[in-house]
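Accompanying notes for the structure given below.
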Amino acid sequence: MSSYVGRFAPSPTGPLHFGSLVAAVASYCDARANQGQWLVRIEDLDKPREVKGAAQDILHCLEAYGFSWDGEVIYQSKQTAHYAIALQQLQAWVYPCTCTRKEIADSSTRQGIEGFIYAGTCLHHPIKPQAPVAWRVKTQDFVDDFHDNIQGALHQQLATDIGDFVLKRADGLFAYQLAVVVDDAMQGVTHVVRGADLLYSTSRQRYLQQLLQLPTLNYAHIPIVMNADGEKLSKQTLAPAILANDASTQLLNALAFLKQTPPASLHNATLATIWAWAIAHWDIHKITA
3 MSSYVGRFAP SPTGPLHFGS LVAAVASYCD ARANQGQWLV RIEDLDKPRE
53 VKGAAQDILH CLEAYGFSWD GEVIYQSKQT AHYAIALQQL QAWVYPCTCT
103 RKEIADSSTR QGIEGFIYAG TCLHHPIKPQ APVAWRVKTQ DFVDDFHDNI
153 QGALHQQLAT DIGDFVLKRA DGLFAYQLAV VVDDAMQGVT HVVRGADLLY
203 STSRQRYLQQ LLQLPTLNYA HIPIVMNADG EKLSKQTLAP AILANDASTQ
253 LLNALAFLKQ TPPASLHNAT LATIWAWAIA HWDIHKITA
């Protein structure tokens, strides 16, 4: 058996769209081509944004497109006890913060790669009494150099590029960065193939892996699918849902987007035949950044 374990982890904030399908196809083909396992995890931590019934719709859509996953589907909303343990293990590196987004924007003197850099106000001054508390992790002097299997060599200095980031929000919800690190470790994930919109999250996750003494993973970030206006295809930009009765065509389109050049002979083939070809001919090195 291969030691490769991959995963696909959609959020149930709406139905799967073509961008979601491309990410699922890339992670699935890479896992199966390496004789590995492929897991599905529903990232439903942010309950206020969850659409009722979306999780089951996503799973039914994956089945209709011919995906088959290993083991049971994990739901992040049922994993919070594990995130709490991890946060406790990080007590030497975290601190409470009561700053609002407006206060952070007003006090910040630096712009990072994803917005304002937190000025560390609550690290150096008493926090506001009775205000909702978030928990931030000190980024200190962590400098990350890693190789992405598609994007190539990447360098990030957390303190200057990101700043101290939140692990548990003021509304009591655990943040994505902590949850995904804990889940990947618990599920034994070894390889992450996902969209390049998450590329700059990787160093934060590698930092938490180091602090928690967890294995580091292999990463590959595929190009983002854009709409006609040059925006990322997403639920926020009203990307249309993929349809079960169009599975073969959409699967071939996804493979073409991933530079796998499926032959014309597959256009009238069954889903099983398309998948067999896709896995047998999968080459992640054909994908360009």
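Start counting the sequence shown at 3; every next residue gets the next number (my numbering). In this text, a Cβ means the ideal position worked out from N, Cα and C, and glycines have one as well.
query, result
"Kindly list the residues whose CB is nearer than 7 Å to the CB of alanine 107, restricted to its own chain and excluding five residues on each side of it in sequence; keep chain order.", "Phe118"
"Provide the residue span of the alpha helix (DSSP H) that contains glutamine 153, from first to last.", "Premise fails: glutamine 153 is in no alpha helix (DSSP H) and is neither H nor E."
"Could you name the residues of the same chain whose beta carbon sits closer than 6 Å to that of alanine 11, not counting the 5 residues immediately before and after it, in chain order?", "Arg43, Glu45"
"Ordered along the chain, which non-local residues of its own chain (more than five positions away) have a Cβ less than 7 Å from that of aspartate 72?", "Gln39, Trp40, Leu41"
"Assign aspartate 163 to buried or exposed, taking buried as 16 or more other Cβ atoms, counted over all protein chains shown, within 10 Å of its Cβ.", "buried"
"Could you check where the alpha helix (DSSP H) with arginine 208 kicks off and where it finishes?", "204-213"
"In the DSSP assignment, find the alpha helix (DSSP H) that holds tyrosine 85 and state where it starts and stops.", "82-91"
"When burial is assigned at 16 or more other CB atoms within 10 Å of the CB, is valine 75 buried or exposed?", "exposed"
"What distance in whole Å lies between the Cβ atoms of aspartate 173 and proline 134, which are believed to be in contact at a cut-off of 8 Å?", "7 Å"
"Assign glutamine 207 to one of two classes, buried (16 or more other C-beta atoms within 10 Å of its C-beta) or exposed (fewer than that).", "buried"
"So what does aspartate 147 bridge to, in DSSP terms?", "His157"
"With which residues is proline 98 paired in a DSSP beta bridge?", "Trp137"
"Does DSSP put isoleucine 129 in a helix, in a strand, or in coil?", "coil"
"Nearest-angstrom Cα distance between arginine 2 and aspartate 150?", "Missing from the structure shown is residue 2; the chain here goes from 3 to 291 and no further."
"Could you pull out every residue in the same chain whose Cβ sits closer than 8 Å to the Cβ of lysine 234, ignoring the five residues on either side in sequence?", "Gly21, Asp199, Ile226, Val227, Met228"
"Based on the DSSP secondary-structure assignment, which residues constitute the bridge partners of tyrosine 77?", "Ile44"
"Using DSSP bridges, identify the partner residues of alanine 243.", "His19"
"With distances taken Cα to Cα, identify the nearest neighbour of leucine 253 among Cys63, Ala88, Gly190.", "Cys63"
"Classify glycine 197: buried if its beta carbon has 16 or more other beta carbons within 10 angstroms, exposed otherwise.", "buried"
"With leucine 273 and alanine 249 assumed to form a contact (beta carbons below 8 Å), what rounded beta-carbon distance in angstroms separates them?", "6 Å"
"Can you look up isoleucine 115 in the DSSP assignment and give me helix, strand or coil?", "coil"
"On the DSSP bridge assignment, give the partners of glutamine 39 in chain order.", "Val7"
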